[in-house]
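Asker: Top to bottom, those sequences are chains A and B. Going by my numbering, the final residue of the first sequence carries number 238, and the count climbs one at a time with no gaps. Going by my numbering, the final residue of the second sequence carries number 238, and the count climbs one at a time with no gaps. Each residue gets a CB set at the ideal place from its N, CA and C atoms; glycine is no exception. Input: one structure, supplied below.
2 protein chains.
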Amino acid sequence: MNVGDNKKALVLFSGGLDSTTVLAIAKSKGYKITALTINYKQRHDYEILASKNIIASHSDINHIIFDIDLTRIGGSALTDSSLDVPKEESSGIPITYVPARNTIFLSIAASYAEKLKIREIYIGVNAIDYSGYPDCRPEFIASFQEMINLGTKSGSEGSSFEVITPLINMTKAEIIKTGLKLGVDYSHTVSCYSLSDNGEACGNCDSCKFRKKGFMDASVDDPTIYQK
Amino acid sequence: MNVGDNKKALVLFSGGLDSTTVLAIAKSKGYKITALTINYKQRHDYEILASKNIIASHSDINHIIFDIDLTRIGGSALTDSSLDVPKEESSGIPITYVPARNTIFLSIAASYAEKLKIREIYIGVNAIDYSGYPDCRPEFIASFQEMINLGTKSGSEGSSFEVITPLINMTKAEIIKTGLKLGVDYSHTVSCYSLSDNGEACGNCDSCKFRKKGFMDASVDDPTIYQK
């Protein structure tokens, strides 16, 4: 499907494996894309750097980096340096959950989308190979879409926003295979929650585990550089 | 009603007439209060100053000022200095509407509330004497509450958030009378969208008009200093 001239989309884009795949999917449909990267002062700057490196090869994408300091709030191993990223699996929602993160990100995305007259908001949430975060589930996304169409001028006047989640029911291997077909270079993407100071992935955190298994299940070489 | 020991509430608190009344209402119920002021780089700093001045007389309230630069997004006369605040009434939702503002504010409030183990979030929205902003209506608030209970760890695990809107069906005069009974000093509150450089209210913007009429309808002296 090609969406035709001047059809615009906003893509929430972290520089990770999932959102980079979403960016490629949206681009393949012919959208004029605004990629929105939220710098929330996560543990390391490599995600932001990755997002810039990936966008560097897409001259037609408008890249916005928006700052919001979620370390002020804390409550997560990703936003509070006194909490360690776990190396072992835990039961329930892990401590890497950031309180209301996707709600905050989608709210900022909706604000930009309304300003830029964009109605389609892409987000790379996934409810299969994931850590159980509540704000990655389809019921949350559906509810957010309903809410934002009540809480905005455009939405309440009938020009509705749509929150689009192309990965939500894919396995990590399916996501990787989809991206590769679209030419994604995953060596530039960053997933690890606990990178070393020189940017090497830990290989042990939830996010690394899902990523490793994804490449293995897809029978594709994993380009990630892991710590020795 | 007194909610008893250690019952906590988070109050979204701008330093304006409405949210200062909400603060007084929550306090009168006996909550231990965290007041959250969002500095979104609105047209003038007087709101932030007002919020500090008001909290100064409440030593038992935890005051948090959180920064998010919505002028990066713009799209409103309050967040884009190239757009003028209208002096005349317009039809429909006015240009002072800030895209998705209350969604963003409530999302940040919910993130803090989850971190601080607070379940009751107060917000001073009003759908009677108001500018028609979609994110002040009861249907938006109900939808936000549903969404946030799907999108957070606490909410999804059954420890639900409640978004409480004591003013939603009050006239401005009723709000003022309620606040006065609770000892609110409205001279410290700021409502004007278009303050002069020395902090005097314009008397003409939507927000000034509702405020003026409120004091008049309540048959109470208006302590606001208006520009000559």
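Relative to the alpha-carbon of residue 164 of chain A, which residue among B:188, B:178, B:107, B:218 has its alpha-carbon at the smallest distance?
Answerer: Reading the first sequence from its first residue, position 154 is the one you call residue 164 of chain A. Residue B:107 is the option with its Cα nearest to residue 164 of chain A.
Asker: From which residue to which residue does the alpha helix (DSSP H) around residue 62 of chain A run?
Answerer: Within the first sequence, numbered from 1, the residue matching residue 62 of chain A stands at position 52. Run containing residue 62 of chain A: 56-65, per the alpha helix (DSSP H) assignment.
Asker: Exposed or buried, what is residue 66 of chain B when buried is set at 16 or more other beta-carbons lying within 10 Å of its beta-carbon?
Answerer: Residue numbering aside, residue 66 of chain B sits at position 56 when the second sequence is read from its first letter. By the neighbour-count rule (16 or more Cβ atoms within 10 Å), residue 66 of chain B is not buried but exposed.
Asker: Use the C-beta contact count for residue 104 of chain B: other C-beta atoms within 10 angstroms, 16 or more gives buried, fewer gives exposed.
Answerer: The sequence position of residue 104 of chain B within the second sequence is 94, counting from 1. Counting Cβ neighbours within 10 Å, residue 104 of chain B comes out buried, since at least 16 surround it.
Asker: Beta-carbon of residue 173 of chain A versus every beta-carbon of chain B: anything under 9 Å?
Answerer: By one-based count along the first sequence, residue 173 of chain A stands at place 163. With 9 Å as the cut-off, residue 173 of chain A does not count as an interface residue toward chain B.
Asker: Could you tell me whether any Cβ in chain A is nearer than 9 Å to the Cβ of residue 30 of chain B?
Answerer: Mapped onto the second sequence, residue 30 of chain B falls at position 20. Residue 30 of chain B does not count as touching chain A.
Asker: Examine the Cβ distances between the stretch 150-157 of chain B and the stretch 144-163 of chain A and report whether three or more of them are shorter than 8 Å.
Answerer: As far as the Cβ criterion goes, the stretch 150-157 of chain B touches the stretch 144-163 of chain A, which means the pair count is three or higher.
Asker: Would residue 112 of chain A count as contacting chain B if we go by Cβ distances under 9 Å?
Answerer: Residue numbering aside, residue 112 of chain A sits at position 102 when the first sequence is read from its first letter. It does: the Cβ of residue 112 of chain A has a partner Cβ on chain B nearer than 9 Å.
Asker: If you draw a straight line from the C-alpha of residue 92 of chain B to the C-alpha of residue 210 of chain B, how long is it?
Answerer: Here the question's residue 92 of chain B lines up with position 82 in the second sequence. Here the question's residue 210 of chain B lines up with position 200 in the second sequence. Each residue's alpha carbon lies about 21 Å from the other.
Asker: Flag residue 162 of chain A as yes if its beta-carbon sits less than 9 Å from any beta-carbon of chain B, otherwise no.
Answerer: Your numbering for residue 162 of chain A matches position 152 in the first sequence. It does: the Cβ of residue 162 of chain A has a partner Cβ on chain B nearer than 9 Å.
Asker: Go ahead and label residue 109 of chain B buried or exposed: buried means 16 or more other beta carbons lie within 10 angstroms of its beta carbon, across all protein chains shown.
Answerer: Counting from one through the second sequence, the residue named residue 109 of chain B turns up at place 99. Under this definition residue 109 of chain B is a buried residue.
Asker: Output needed for residue 50 of chain A: all residues of its chain with C-beta closer than 6 Å, excluding positions within five of it in sequence on either side, in chain order.
Answerer: In the first sequence, residue 50 of chain A corresponds to position 40, counting from 1. Cβ within range, chain order: 78, 80.
Asker: Using 8 Å as the threshold, is the stretch 138-147 of chain B in touch with the stretch 215-235 of chain A, meaning 3 or more CB pairs across them?
Answerer: Flag = no, the stretch 138-147 of chain B and the stretch 215-235 of chain A do not touch.
Asker: Could you name the residues of chain B that residue 76 of chain A contacts, counting a contact when the two beta carbons are closer than 7 Å?
Answerer: Mapped onto the first sequence, residue 76 of chain A falls at position 66. By Cβ distance, chain B contributes 82.
Asker: Does DSSP put residue 198 of chain A in a helix, a strand or coil?
Answerer: In the first sequence, counting from the first residue as 1, residue 198 of chain A sits at position 188. Residue state, collapsed to three classes: helix.
Asker: Distance cutoff 9 Å, beta carbons only. Does residue 79 of chain A sit that close to anything in chain B?
Answerer: As a position in the first sequence, residue 79 of chain A is number 69, starting the count at 1. Yes, its Cβ sits closer than 9 Å to a Cβ of chain B.
Asker: Counting along the chain, where does the beta strand (DSSP E) carrying residue 243 of chain A start and finish?
Answerer: Outside the shown range of chain A, which is 11 to 238, sits residue 243 of chain A, and nothing can be said about it.
Asker: Contact criterion: CB-CB distance below 9 Å. Does residue 203 of chain B meet it with respect to chain A?
Answerer: Mapped onto the second sequence, residue 203 of chain B falls at position 193. Chain A contact via Cβ: absent.
Asker: Quick one: is residue 176 of chain B buried, meaning 16 or more other Cβ sit within 10 Å of its Cβ, or exposed?
Answerer: One-based indexing of the second sequence puts residue 176 of chain B at position 166. Buried, since its Cβ has 16 or more Cβ neighbours within 10 Å.
Asker: Would the beta-carbon of residue 47 of chain B fall within 9 Å of that of residue 20 of chain B?
Answerer: For the purposes of this step, residue 47 of chain B is identified with residue 37 of the second sequence, where counting begins at 1. For the purposes of this step, residue 20 of chain B is identified with residue 10 of the second sequence, where counting begins at 1. No, the Cβ-Cβ distance between residue 47 of chain B and residue 20 of chain B is not below 9 Å.
Asker: Taking residue 113 of chain A and residue 117 of chain B to be in contact with their CB atoms under 8 Å, please state how far apart those CB atoms are, rounded to whole angstroms.
Answerer: For the purposes of this step, residue 113 of chain A is taken as residue 103 along the first sequence, with counting starting at 1. For the purposes of this step, residue 117 of chain B is taken as residue 107 along the second sequence, with counting starting at 1. With a Cβ gap of about 4 Å, residue 113 of chain A and residue 117 of chain B count as contacting.
Asker: Here's the rule I'm using: 16 or more other beta-carbon atoms within 10 Å means buried, otherwise exposed. How should residue 102 of chain B be labelled?
Answerer: Position 92 of the second sequence, counted from the start, is the residue given in the question as residue 102 of chain B. That one is exposed.
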